[in-house]
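Chains as they are written, first to last, in my numbering: chain V, 28 to 320; chain B, 28 to 320; chain F, 28 to 320; chain P, 28 to 320. Everything below concerns the one structure shown next.
Number of protein chains: 4
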Amino acid sequence: MTGVPAPDPRTADVGRLVVRCPDRPGIVAALSGLMADAGANIVDSQQHSSDPAGGTFTLRLEFVLADLAARRAELEARLEALTGEFQLTWRLTLAADRPRVAVFVSKTDHVLQELLYRVGSGDLRADIAVVVSNHPDLEPVARAHGVPFHHVPVTPDTKAEAEARALELVGDVDLVVLARYMQIVSADFCARFPERLINIHHSFLPAFVGANPYQAAADRGVKLIGATAHYVTAELDAGPIIEQEVARIDHRATVEDMRRVGRYVERQVLAQAVTWHVEDRVIVDGAKTIVFA
Amino acid sequence: MTGVPAPDPRTADVGRLVVRCPDRPGIVAALSGLMADAGANIVDSQQHSSDPAGGTFTLRLEFVLADLAARRAELEARLEALTGEFQLTWRLTLAADRPRVAVFVSKTDHVLQELLYRVGSGDLRADIAVVVSNHPDLEPVARAHGVPFHHVPVTPDTKAEAEARALELVGDVDLVVLARYMQIVSADFCARFPERLINIHHSFLPAFVGANPYQAAADRGVKLIGATAHYVTAELDAGPIIEQEVARIDHRATVEDMRRVGRYVERQVLAQAVTWHVEDRVIVDGAKTIVFA
Amino acid sequence: MTGVPAPDPRTADVGRLVVRCPDRPGIVAALSGLMADAGANIVDSQQHSSDPAGGTFTLRLEFVLADLAARRAELEARLEALTGEFQLTWRLTLAADRPRVAVFVSKTDHVLQELLYRVGSGDLRADIAVVVSNHPDLEPVARAHGVPFHHVPVTPDTKAEAEARALELVGDVDLVVLARYMQIVSADFCARFPERLINIHHSFLPAFVGANPYQAAADRGVKLIGATAHYVTAELDAGPIIEQEVARIDHRATVEDMRRVGRYVERQVLAQAVTWHVEDRVIVDGAKTIVFA
Amino acid sequence: MTGVPAPDPRTADVGRLVVRCPDRPGIVAALSGLMADAGANIVDSQQHSSDPAGGTFTLRLEFVLADLAARRAELEARLEALTGEFQLTWRLTLAADRPRVAVFVSKTDHVLQELLYRVGSGDLRADIAVVVSNHPDLEPVARAHGVPFHHVPVTPDTKAEAEARALELVGDVDLVVLARYMQIVSADFCARFPERLINIHHSFLPAFVGANPYQAAADRGVKLIGATAHYVTAELDAGPIIEQEVARIDHRATVEDMRRVGRYVERQVLAQAVTWHVEDRVIVDGAKTIVFA
Chain V
28 MTGVPAPDPR TADVGRLVVR CPDRPGIVAA LSGLMADAGA NIVDSQQHSS DPAGGTFTLR
88 LEFVLADLAA RRAELEARLE ALTGEFQLTW RLTLAADRPR VAVFVSKTDH VLQELLYRVG
148 SGDLRADIAV VVSNHPDLEP VARAHGVPFH HVPVTPDTKA EAEARALELV GDVDLVVLAR
208 YMQIVSADFC ARFPERLINI HHSFLPAFVG ANPYQAAADR GVKLIGATAH YVTAELDAGP
268 IIEQEVARID HRATVEDMRR VGRYVERQVL AQAVTWHVED RVIVDGAKTI VFA
Chain B
28 MTGVPAPDPR TADVGRLVVR CPDRPGIVAA LSGLMADAGA NIVDSQQHSS DPAGGTFTLR
88 LEFVLADLAA RRAELEARLE ALTGEFQLTW RLTLAADRPR VAVFVSKTDH VLQELLYRVG
148 SGDLRADIAV VVSNHPDLEP VARAHGVPFH HVPVTPDTKA EAEARALELV GDVDLVVLAR
208 YMQIVSADFC ARFPERLINI HHSFLPAFVG ANPYQAAADR GVKLIGATAH YVTAELDAGP
268 IIEQEVARID HRATVEDMRR VGRYVERQVL AQAVTWHVED RVIVDGAKTI VFA
Chain F
28 MTGVPAPDPR TADVGRLVVR CPDRPGIVAA LSGLMADAGA NIVDSQQHSS DPAGGTFTLR
88 LEFVLADLAA RRAELEARLE ALTGEFQLTW RLTLAADRPR VAVFVSKTDH VLQELLYRVG
148 SGDLRADIAV VVSNHPDLEP VARAHGVPFH HVPVTPDTKA EAEARALELV GDVDLVVLAR
208 YMQIVSADFC ARFPERLINI HHSFLPAFVG ANPYQAAADR GVKLIGATAH YVTAELDAGP
268 IIEQEVARID HRATVEDMRR VGRYVERQVL AQAVTWHVED RVIVDGAKTI VFA
Chain P
28 MTGVPAPDPR TADVGRLVVR CPDRPGIVAA LSGLMADAGA NIVDSQQHSS DPAGGTFTLR
88 LEFVLADLAA RRAELEARLE ALTGEFQLTW RLTLAADRPR VAVFVSKTDH VLQELLYRVG
148 SGDLRADIAV VVSNHPDLEP VARAHGVPFH HVPVTPDTKA EAEARALELV GDVDLVVLAR
208 YMQIVSADFC ARFPERLINI HHSFLPAFVG ANPYQAAADR GVKLIGATAH YVTAELDAGP
268 IIEQEVARID HRATVEDMRR VGRYVERQVL AQAVTWHVED RVIVDGAKTI VFA
């Protein structure tokens with residue numbers, strides 16, 4: 028299911044440009060002029076200014092350009108020429124390219140199943156390159172979809188070498204997803220994948236940081252439970268939030284019921300966040316994200 | 028608008044019985060037998076057992092009994108006779124009775140306006156007996172609806188006597204609602220209205236306890252903002268939650284936008300919680316609530 | 028995944044009683060008295076009166092009774108004794124029993140995958156006995172979960188015999204689910220599974236009855252798309268609705284986007300409806316359903 | 028409450044440009060170049076192409092330009108110069124300007140109350156110039172907010188002259204809102220306010236077109252009820268939809284309950300639609316709308 032599909036005519040000439048720079052008049056004109064000069068037709072455009080006076084300007088353009096793959100270098104050269112004047116940080120991608128994703132799991136399969144389903148259905152245009160787990164349980168799930176699975180046990184004593192082994196197995200993927208991986212990854216691990224490491228936390232952050240959030244939610248008697256997908260930083264459960272959602276429960280819900288209901292929220296939230304990331308819709312801006320959904 | 032409406036034929040003979048006791052077999056049979064013997068027809072019934080083995084049993088019955096007002100004493104005597112055997116705590120109310128409510132506000136009017144609207148429309152069957160505020164601003168709003176308004180200024184030095192004055196003005200109301208009242212009430216105040224003092228907190232508790240939750244939400248970069256209606260206890264923002272709701276925001280939302288969007292969530296959540304309370308649908312069970320919605 | 032799990036101690040002695048009869052005083056007392064006499068502890072109870080004067084009374088009880096399987100006949104005899112007096116229609120089930128379900132599909136797999144996932148996770152306590160399709164495409168999906176798959180092609184000329192063949196393959200299952208089966212089943216087929224045949228329609232009924240509802244939704248420019256799970260009757264898309272849900276779209280959504288977004292609504296709505304049915308929470312009342320969720 | 032507020036420093040120099048034209052490369056470049064040349068800083072920009080090949084291009088820009096009011100004519104001249112080349116249809120507005128709105132009502136006040144509340148709170152930047160009704164009931168509501176109220180009775184025989192009288196009273200307002208006005212307006216009336224006449228229909232269109240949708244919803248046994256705000260055209264309930272929302276109900280809901288719940292959906296949906304319209308966020312595109320929310 029994660030094999031290469033037939034070329035999609037809708038995306039073959041579709042490109043995406045994501046830009047971030049200090050806000051000032053003329054940026055949109057310069058970038059859209061560049062695109063017009065190159066013969067590209069802008070089909071979608073979203074921008075945000077964190078503050079018209081002295082803030083950060085961010086822009087995502089989706090455009091169609093005939094023979095995009097062949098003309099990519101030319102476009103990049105044009106962008107490079109603007110970089111100095113506007114202090115641009117930019118990223119140009121081809122919609123046809125499929126990012127390679129590593130997924131870390133432990134014992135529960137609902138999020139992994141959802142990612143595999145969405146890759147298979149074509150809703151998530153990425154390839155799951157490898158699944159790594161500190162438990163052997165989900166090997167059959169990965170194998171059934173033709174995805175390599177590696178069991179890397181973690182104990183308090185072997186944590187560092189286990190991480191090293193996992194990083195080796197993962198290699199140079201474009202994105203790492205912690206899909207209910209019940210281990211805290213090290214600061215070094217986070218630094219290895221800046222703004223490319225996504226976790227699903229099973230609460231509506233910042234409520235119920237840390238372990239066993241459903242028990243904490245039950246103890247507090249909340250009427251909604253939630254899930255949060257966020258980029259992972261060195262501080263636990265404090266990285267920039269990409270997406271959150273909640274589900275209603277009532278007084279009849281046991282902790283086990285919350286876990287059950289929560290699984291459907293978690294899989295939805297993480298799959299949405301990964302999809303947005305893969306489509307270059309998420310831009311980190313300090314402690315927050317801009318999501319051009 | 029808050030005057031006495033014409034008698035509602037739908038509610039004239041409608042009664043509500045709310046019961047709490049240790050769970051054991053036979054309670055439902057005893058109570059429904061009592062109702063059948065009295066000639067009452069049970070039109071709605073909801074129950075909950077916190078744990079089939081050794082938990083708390085709660086029940087809410089809505090019934091129709093001809094000449095209910097006249098036969099109330101008889102029903103109460105029958106219930107009293109069961110109290111010892113089952114260790115019942117019970118409450119019998121007539122749907123036609125309208126609880127008297129005191130509303131505390133500060134400067135923002137959206138929640139007060141909503142309560143007044145719902146009383147006027149008949150959706151909230153209660154009478155707003157008095158509005159108390161530490162600021163004079165909302166006097167015209169209360170007056171326009173024919174509700175007495177009292178300005179009781181609060182300063183750090185006069186807090187105790189201001190509360191005493193407010194309690195005097197409020198008198199023996201059935202319910203006190205803090206409708207964005209920007210003062211922390213004392214433990215004594217809370218004790219005066221056990222399970223009859225409702226507050227709206229402008230966050231999805233337990234996230235963002237305390238002052239200025241929208242600023243905190245903006246700083247954290249959440250994707251949903253929320254509001255929580257809860258019974259007030261001596262511990263700040265920690266009382267039993269009655270209702271919560273959220274609204275989606277995106278990266279464009281400033282703190283001011285969050286306040287604006289949040290107003291609509293707050294008014295909905297508080298009005299819902301007050302309505303459920305007034306209809307005897309909320310039962311406090313330790314740190315949580317059972318809501319027979 | 029659809030095999031028999033280890034006995035669940037939580038459900039071994041749990042029973043469910045669903046009752047329907049003309050409303051009159053004393054029913055609840057009679058039924059709860061019967062349960063108390065048998066030594067059963069009622070752990071959940073929901074009832075509904077369509078009209079206190081002359082309407083239909085419906086009740087669902089969940090109870091715990093030691094050695095339930097052994098004492099089922101005794102309970103049923105007690106119920107039988109009440110049947111005449113109250114004109115009861117009743118159904119008694121053991122929570123531990125797993126209904127056998129036949130699933131009909133065509134080419135799209137999202138709803139089938141969801142049902143298989145929920146059976147595997149234990150969230151849907153049923154066994155998928157057989158998958159029948161008018162196309163061969165989804166055989167691998169069924170096989171991967173160990174479920175027999177039958178390809179029964181349908182053409183305008185062979186429709187009657189294809190249905191006969193399908194009915195034969197399905198046998199005496201407890202429930203038939205049309206999981207995006209793109210064929211209209213006959214009135215005879217419907218009659219064979221009264222109140223036991225569930226379909227998912229990919230619109231918010233009664234909007235967009237019939238074929239290609241997403242195209243119709245796009246043409247009308249709606250801002251929400253929906254899905255509806257309903258019992259199938261002889262009249263197309265007009266059977267009693269069990270569950271509906273919607274998802275927000277905006278002007279950017281193409282018909283293809285709607286289909287994609289809709290898949291997630293459809294799978295959620297159908298899985299929820301099937302789960303409620305399997306847990307004896309749905310009672311048909313004329314053209315509508317009562318759902319004791 | 029509907030008086031002129033103090034000038035808002037946030038909006039004094041804020042302008043909005045809305046553009047529609049045949050799609051072709053270079054439009055964004057030309058428009059953003061124009062803005063840059065004029066010294067305007069684009070703070071928000073949203074665009075949509077109905078089809079990259081031969082579709083309609085729509086754009087909404089929000090910009091800051093010092094001394095905007097004084098320089099408006101210059102900007103308009105620059106836009107005029109582009110009009111021919113790109114076949115532009117455009118509209119330039121100052122965020123500080125407050126559109127004048129006429130509201131038509133019958134007997135129910137919930138939507139009118141909501142509009143008045145939002146104007147008063149500043150969330151809806153418009154002035155309600157006049158309320159017209161075919162019944163006298165809501166005169167006190169309008170008067171309490173200082174808004175002129177006109178009672179224009181309508182009978183089958185006087186319908187034409189009543190409309191003429193209403194149009195005279197309404198004058199040259201910028202927008203007409205039918206806020207649960209229980210009369211069908213004529214095609215002439217619609218033509219008088221093209222894309223400036225908004226109605227709230229109390230169902231999820233296209234389900235339950237016409238009179239008494241809540242009764243129809245109850246008869247069909249739907250599990251969600253909805254409301255739809257749309258521009259009014261000569262064909263009943265068929266104009267371009269601006270916004271829709273739903274609320275969950277269950278089998279206990281009577282028609283009266285649906286009306287009650289529906290009121291909160293209706294007021295939210297209509298107020299949202301009117302706010303988007305007033306902020307130049309809605310563009311009609313044939314039978315549909317583009318909403319740059």
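We put the beta carbon where it would ideally sit given N, CA and C, even for glycine.
Query                                                                                                                           : Result
Span separating the alpha-carbon of residue 316 of chain F from that of residue 278 of chain P                                  : 7 Å
Sequence ranges, alpha helix (DSSP H) only - wholly within the stretch 85-134 of chain F, length at least 4                     : 95-113
CB contact check: residue 76 of chain F to chain B, cutoff 8 Å                                                                  : yes
Neighbour-count burial assignment, residue 221 of chain P, 16 or more Cβ in a 10 Å radius                                       : exposed
Sequence-distant residues of its chain with Cβ nearer than 6 Å to residue 290 of chain B (five each side left out)              : 137
Run of the beta strand (DSSP E) containing residue 49 of chain B, from where it starts to where it stops                        : 41-49
Within 8 Å of chain B by C-beta, residues of the stretch 271-304 of chain F in sequence order                                   : none
Alpha helix (DSSP H) segment containing residue 302 of chain V, residue limits                                                  : 282-305
Continuous beta strand (DSSP E) stretch holding residue 73 of chain B: start and end                                            : 68-76
Helix, strand or coil at residue 167 of chain B according to DSSP, with G and I counted as helix                                : helix
Rounded separation between residue 156 of chain F and residue 139 of chain F - CA only                                          : 13 Å
Residue 275 of chain B, DSSP secondary structure in three states                                                                : strand
Residue 63 of chain F at chain B interface by Cβ criterion, 8 Å                                                                 : yes
Under 8 Å (Cβ pairs) to chain P, residues found in the stretch 220-248 of chain F                                               : 231, 232, 233, 234, 235, 246, 247, 248
Between the CA atoms of residue 201 of chain P and residue 310 of chain V - distance to the nearest angstrom                    : 39 Å
Cβ of residue 80 of chain V within 8 Å of any chain B Cβ                                                                        : no
Best match in B:86, B:121, B:114 for proximity to residue 96 of chain B [C-alpha to C-alpha]                                    : B:121
Minimum C-alpha distance to residue 165 of chain F - residue among F:186, F:143, F:191                                          : F:143
Own chain partners of residue 225 of chain F with C-beta closer than 8 Å, once the 5 adjacent residues on each side are dropped : 202, 203, 204, 205, 256, 257, 258, 259, 269, 297, 300, 301, 304
Inter-residue Cα distance where the pair is residue 114 of chain B and residue 183 of chain B                                   : 45 Å
CB contact flag (residue 248 of chain F, residue 314 of chain P, <8 Å)                                                          : yes
Nearest residue (CA-CA) to residue 98 of chain B, options B:109, B:119, B:56                                                    : B:119
Contact set between residue 254 of chain B and chain P, taken where Cβ atoms lie within less than 8 Å                           : Those within 8 Å of residue 254 of chain B in chain P number zero; the least Cβ separation is about 15 Å.
Span separating the alpha-carbon of residue 116 of chain P from that of residue 216 of chain P                                  : 24 Å
CA-to-CA distance, residue 153 of chain F to residue 273 of chain F, given in whole angstroms                                   : 26 Å
Neighbouring residues, chain V, relative to residue 317 of chain B (Cβ below 7 Å)                                               : 278
Within 8 Å, strictly: CB atoms of residue 281 of chain P and residue 207 of chain P                                             : no
CA nearest to the CA of residue 49 of chain P, picked from P:70, P:41, P:62, P:86                                               : P:86
Backbone CA spacing between residue 58 of chain V and residue 318 of chain P [nearest angstrom]                                 : 25 Å
Within chain V, partners of residue 53 of chain P - CB distance below 8 Å                                                       : 63
Bounding residues of the beta strand (DSSP E) (the contiguous stretch that carries residue 250 of chain P)                      : It is not in any beta strand (DSSP E) - residue 250 of chain P carries neither H nor E in the DSSP assignment.
Limits of the alpha helix (DSSP H) - the one that residue 176 of chain B falls within                                           : Taken as a continuous stretch (DSSP letters only), residue 176 of chain B belongs to no alpha helix (DSSP H), being part of the beta strand (DSSP E) at 176-178.
Distance, residue 163 of chain P Cα to residue 188 of chain P Cα                                                                : 18 Å
Where residue 67 of chain V meets chain P, residues with beta-carbon distance less than 8 Å                                     : 52
Contacts of residue 140 of chain P in chain B (Cβ-Cβ under 7 Å)                                                                 : 144
Chain F contact for residue 171 of chain V (CB, 8 Å cutoff)                                                                     : yes
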